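Numbering (UniProt numbering), first residue to last: 1 to 315. For glycine and all other residues, C-beta sits at the position ideal for the given N, C-alpha and C. Bear in mind that the values here come from a model prediction, so they are computed numbers and not experimental data. Here is the structure we will look at, set down as structure tokens.
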Amino acid sequence: MPQFDYQQLCHFVLPEQGGLSVETILKRFLHLTPREIRHAKYIPDGIQKNGVSCRTNAVVQTGDTITFRYAQKCPHLSEDQVLPVSGDSAGVRILYEDSDLCVADKPSGMVCHASHGHYSDSLTHAAASLLKTPTAPSELRCIGRLDKDTSGLVLFAKNQLAAARLSRQRESGALKKEYLALVHHPFSEETQKETIRLSMEQIPGDDPDSFDPSGKRITKMRICKEGNGLWATTHYEAVLQDPFWAVVCCRLETGRTHQIRLHMASIGHPLFGDPLYGVRDGGTRAALHDWKLHFLQPMTGEPIDLENIRTHMFD
Numbered sequence: 001m002p003q004f005d006y007q008q009l010c011h012f013v014l015p016e017q018g019g020l021s022v023e024t025i026l027k028r029f030l031h032l033t034p035r036e037i038r039h040a041k042y043i044p045d046g047i048q049k050n051g052v053s054c055r056t057n058a059v060v061q062t063g064d065t066i067t068f069r070y071a072q073k074c075p076h077l078s079e080d081q082v083l084p085v086s087g088d089s090a091g092v093r094i095l096y097e098d099s100d101l102c103v104a105d106k107p108s109g110m111v112c113h114a115s116h117g118h119y120s121d122s123l124t125h126a127a128a129s130l131l132k133t134p135t136a137p138s139e140l141r142c143i144g145r146l147d148k149d150t151s152g153l154v155l156f157a158k159n160q161l162a163a164a165r166l167s168r169q170r171e172s173g174a175l176k177k178e179y180l181a182l183v184h185h186p187f188s189e190e191t192q193k194e195t196i197r198l199s200m201e202q203i204p205g206d207d208p209d210s211f212d213p214s215g216k217r218i219t220k221m222r223i224c225k226e227g228n229g230l231w232a233t234t235h236y237e238a239v240l241q242d243p244f245w246a247v248v249c250c251r252l253e254t255g256r257t258h259q260i261r262l263h264m265a266s267i268g269h270p271l272f273g274d275p276l277y278g279v280r281d282g283g284t285r286a287a288l289h290d291w292k293l294h295f296l297q298p299m300t301g302e303p304i305d306l307e308n309i310r311t312h313m314f315d
């Protein structure tokens with residue numbers, strides 16, 4: 001039988017909360033969803049009042065302690081059970097780790113998830129091998145992946161409860177990311193800080209633009225009429241420029257595929273190294289780096305802010 005680790009959330013019942021049900025305490029003060037509460041019913045001692053298993057319709061009194069347990073990891077892996085990482089993983093660093101999540105520094109050219117041709121050289125695989133506790137790649141849940149070419153900060157949840165809460169932060173906008181992009185051409189004084197609001201859609205698979213020069217099918221987006229595709233909003237500010245290029249800081253309200261690349265190209269500032277939406281300028285990859293991340297620790301609510309500026313960031 002696999003062995004599980006369990007973490008727990010606790011709430012001490014205050015005088016004004018006496019008389020409420022355990023279920024109300026779990027929802028209102030521990031911010032648990034009905035689905036998460038249902039799952040706890042199948043965990044040994046998943047819901048407790050004063051250290052004793054209880055039903056969710058039990059009534060609480062002042063001074064009671066309500067405990068909610070959730071699975072942290074399954075199964076434990078010994079050092080020799082962790083799959084080896086293919087190739088050199090030195091480009092991947094773990095910048096933050098706690099019992100619920102980790103943040104990895106992804107190099108350009110690495111996919112986030114295992115896929116055809118990338119079964120053992122994905123970021124998920126490399127990150128799992130670098131954590132303090134031996135971890136299977138399947139245990140990590142990526143919260144907002146990056147394209148293969150894009151480098152920077154990637155957030156992973158270590159358990160289902162953390163993943164659900166971080167995903168809700170992403171949907172509500174509580175989880176915030178900022179990107180740095182190297183683009184062609186400087187901005188005028190009037191356009192150095194703007195907001196782009198343009199809808200996007202994927203080019204259909206039978207369209208000639210959905211194939212690269214070798215005939216391979218690719219994912220490519222295009223601007224479309226409002227209402228026909230997915231709305232997308234990008235806030236940008238030019239932070240450095242010269243007569244030929246600019247570095248812009250981009251903050252997204254939405255996370256559409258290729259959003260920054262398409263939006264910047266649509267206003268005449270394609271990214272360096274981006275043959276899909278720009279020009280072939282000799283760059284080896286689209287010059288985009290996820291440099292800043294803000295979110296709340298999913299269990300404690302503590303704000304976490306991370307920044308990652310690299311030398312040779314757009315090489």
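According to the DSSP assignment, Q259 belongs to the alpha helix (DSSP H) that extends over Q259 to S266. Looking at the DSSP output, P204 sits in no beta bridge, so it has no partner there.
Per DSSP, the beta-bridge partners of R222 are E201. Judged by DSSP in its simplified three-state form, Q61 adopts coil rather than helix or strand. In the three-state reduction of the DSSP assignment, Q297 falls in the coil class. Below 8 Å, enough C-beta pairs join the segment 257 to 270 and the segment 216 to 234 to call them touching: three or more.
Contact check for Y277 and A287: beta-carbon distance about 12 Å, past the 8 Å limit, so the pair fails to qualify. Judged by DSSP secondary structure, S138 falls outside any alpha helix (DSSP H); it is assigned neither H nor E. Residue pairing from DSSP places Y179 in a beta bridge opposite C250 and D290.
Look at Q192 here: in three-state DSSP terms it is coil, with no helix or strand label.
Ranked by Cα distance from V22, the first of R35, C54, V279 and Y6 is C54.
A direct Cα-to-Cα measurement between L20 and N57 gives close to 9 Å. Secondary structure note for S167: its alpha helix (DSSP H) is the uninterrupted segment Q160 to S172. Nearest neighbour of D281 by Cα position, chosen from V60, L182 and A126, turns out to be L182. No Cβ-Cβ contact shorter than 7 Å links W291 with I304. In the three-state reduction of the DSSP assignment, K41 falls in the coil class, being assigned neither a helical nor a strand state. Within 10 angstroms of the beta-carbon of H312 lie fewer than 16 other beta-carbons, which makes it exposed. Under DSSP, S21 shares a beta bridge with V59.
Apart from sequence neighbours up to five positions away, the residues of its chain that approach E237 with a beta-carbon distance below 6 Å are K193 and C249, ordered along the chain. No Cβ-Cβ contact shorter than 7 Å links I66 with H125.
With respect to the 7 Å criterion, C112 and L130 are not classified as neighbours on the basis of their beta carbons. Residue pairing of H312 in beta bridges, as defined by DSSP: absent, with no partner found. Per DSSP, S151 is not a residue of any alpha helix (DSSP H); the beta strand (DSSP E) it occupies stretches across S151 to A157.
Take R197, set aside five residues on each side of it, and the residues of its chain with a beta-carbon closer than 6 Å to its own are T233, in chain order. Just measuring C-alpha positions, the residue of E178, A128, P208 and I203 sitting nearest F295 is E178.
In the structure shown, the three-state DSSP call for P34 is helix.
One alpha carbon belongs to G283, the other to D149, and they sit about 11 Å apart. Distance from L252 to L153 at the Cβ level is roughly 14 Å; contact not present, criterion being Cβ atoms closer than 8 Å. Under the DSSP definition of a beta bridge, Y236 partners with E194 and C250. Around the beta-carbon of Y42, fewer than 16 other beta-carbon atoms lie within 10 Å, marking it exposed. Spanning the alpha carbons of L30 and Q8 requires a straight line of approximately 11 Å. Within 10 angstroms of the beta-carbon of L240 lie fewer than 16 other beta-carbons, which makes it exposed. Put simply, the backbone Cα of S108 is about 8 Å away from that of R285. In the DSSP assignment, H11 falls within the unbroken beta strand (DSSP E) covering D5 to F12.
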